[in-house]
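So the structure is just underneath, and the comments pick up after that.
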Amino acid sequence: MASPSHDELRNLRRLIAATEPSDADYPEMLLRLADRLVEDSRHKEEVAAGLVGAGAAAREVEPLEAAATALRAEAAALYAEIIDGPHYAHFRATDVALYELAAIRSAAGDHVGMREPLLRLVRDFPQSPRIPSAYLLFADYYFSAGEMAHAERFYDKVATFAQARERPYALYKLAWVRLNGSAERPRDPAKALEYLVRVLQDTASDANLRRAARRDVIPVYVEIGRPAKAAAFFRRIAEDPTTGRTDDVEMLGWLRQAYQDAGRDADAAVISRALADAERRAGARG
């Protein structure tokens, strides 16, 4: 991700300083600057993460992290100015400002402060394309807090938006809600497996999420699945709906290892036979 130039940020700040808040273009300027500041903060965070991965000293990483935090704080103030300004009701992107402010506060751990802009977004802009993202912020907060019943309610809301890019992730998290269970609802690994399969069969799932779901299917199947049914099950779910490619060989290999690790050698032997068949089919396909 390219970082906005210092000249661009400086020029935007000067333009805003020279413009009256009552000007119709004022909130557009605020939004543009806020978005650029967020981009710059993400760039600095990526650079910092790369340095951490390379084993850099804290003195190299901490200034970047501090700068990213300061940029997000400035962006949050600009989003808040849009929200509290005279153009709130009719500015084309007030919903964006509400969501971005909530996201910044959430990332900073200010979950109380996150709620107010999210509630305003849901109340005042119910048709906004940011609504699924808003529900997801609520859901992730409750999941992290261990409040699975509330998390499930909001992940369910996200999953109702068939075209939302957040939908596959919400389905994935619903699987973990059911695996964790709650005081209101006991663990339900069968339902969790159903959600994981839906993630795998959703064409909107990205490669990383699909791979995570493929991995997570294995321990759930070991818990509740029947080894004799594994060959057909994994042949069905291992097809990538975006490419049509089937890779049940890899998943059956993981499953066999999981049975071996659990000391279930007879079950591992069943999977070995299924794996050999899958390898022959894969070889025939070329």
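Using this note's numbering, you'd call the opening residue of the sequence shown number 47 and step up by one each time.
Here a beta-carbon is modelled for each residue, glycine too, at the ideal position from N, C-alpha and C.
**Request:** Just the C-alpha distance for H133 and R151, rounded to the nearest angstrom, thanks.
**Result:** 22 Å
**Prompt:** With distances taken from CA atoms, which of D130, S190, N226, S179 is nearest K203?
**Reply:** S179
**Request:** Could you tell me how far apart the beta carbons of R82 and E54 are, in whole angstroms, since I believe they sit closer than 8 Å?
**Result:** 7 Å
**Item:** Secondary structure of T292, DSSP reduced to three states
**Value:** strand
**Message:** Please state the DSSP three-state secondary structure of M285.
**Reply:** Note that residue 285 is Glu in the sequence shown here, rather than Met. DSSP places E285 in strand when its eight states are reduced to three.
**Prompt:** CB-CB under 7 Å to I317, same chain, minus the five flanking residues each way: which ones, in chain order?
**Reply:** P273, A276, L298, L301, R302, Y305
**Message:** Using only the alpha-carbon positions, how far apart do A153 and D323 sit?
**Reply:** 48 Å
**Prompt:** With DSSP run on the structure shown, which of helix, strand or coil describes E66?
**Reply:** coil
**Request:** Could you check which residue in D262, N254, G329, S228 has the C-alpha nearest to that of E240?
**Result:** D262
**Prompt:** Within 10 angstroms of its Cβ, does T140 collect 16 or more other Cβ (buried), or is it exposed?
**Reply:** buried
**Message:** Only counting the same chain, and skipping five residues up and downstream in sequence, which positions put a Cβ closer than 7 Å to that of Y201?
**Reply:** A185, A216, K219, L220, V223
**Prompt:** Taking just the CA atoms, how far does D293 sit from A330?
**Reply:** 13 Å
**Prompt:** From this set, A148, R166, L167, which residue's C-alpha is nearest G159's C-alpha?
**Reply:** A148
**Request:** Tell me whether the beta-carbon of A113 lies closer than 9 Å to the beta-carbon of E146.
**Result:** no
**Asked** Of the residues L182, T249, L97, which one's Cα is nearest the Cα of E212?
**Response** L182
**Asked** Under the rule that 16 or more other beta-carbon atoms within 10 Å means buried, what is A191, buried or exposed?
**Response** exposed
**Asked** Should E325 and V295 be called a contact, given that it needs their Cβ atoms to be closer than 9 Å?
**Response** yes
**Prompt:** What is the rounded straight-line gap between the Cα of L77 and the Cα of E285?
**Reply:** 42 Å
**Prompt:** By the 10 Å Cβ neighbour count, where 16 or more other Cβ atoms means buried, how is P73 classified, buried or exposed?
**Reply:** buried
**Prompt:** Excluding sequence positions up to five away, which residues of its chain have a Cβ less than 8 Å from the Cβ of P232?
**Reply:** none
**Message:** Since A238 and V266 should fall inside the 8 Å C-beta cutoff, what is the C-beta to C-beta distance between them, to a whole number of angstroms?
**Reply:** 6 Å
**Request:** Helix, strand or coil for G96, going by three-state DSSP, please let me know.
**Result:** helix
**Item:** Pair within 9 Å by beta-carbon distance, I129 and R166
**Value:** yes
**Request:** Could you tell me if A259 is buried or exposed, where buried requires 16 or more neighbouring beta carbons within 10 angstroms of its beta carbon?
**Result:** buried
**Request:** Hey, could you find the ends of the alpha helix (DSSP H) P214 is sitting in?
**Result:** 213 to 226
**Request:** Report the residue from P175, S68, G309, A195 whose alpha carbon sits nearest the alpha carbon of K208.
**Result:** At residue 208 the sequence reads Ala, which differs from the Lys that was named. The option with the nearest alpha carbon to A208 is P175.
**Message:** Distance check for L242 and A250, CA to CA, integer angstroms please.
**Reply:** 14 Å
**Prompt:** Assuming L225 contacts P235 under a Cβ cut-off of 8 Å, what Cβ separation, rounded to an integer in Å, is found between them?
**Reply:** 6 Å
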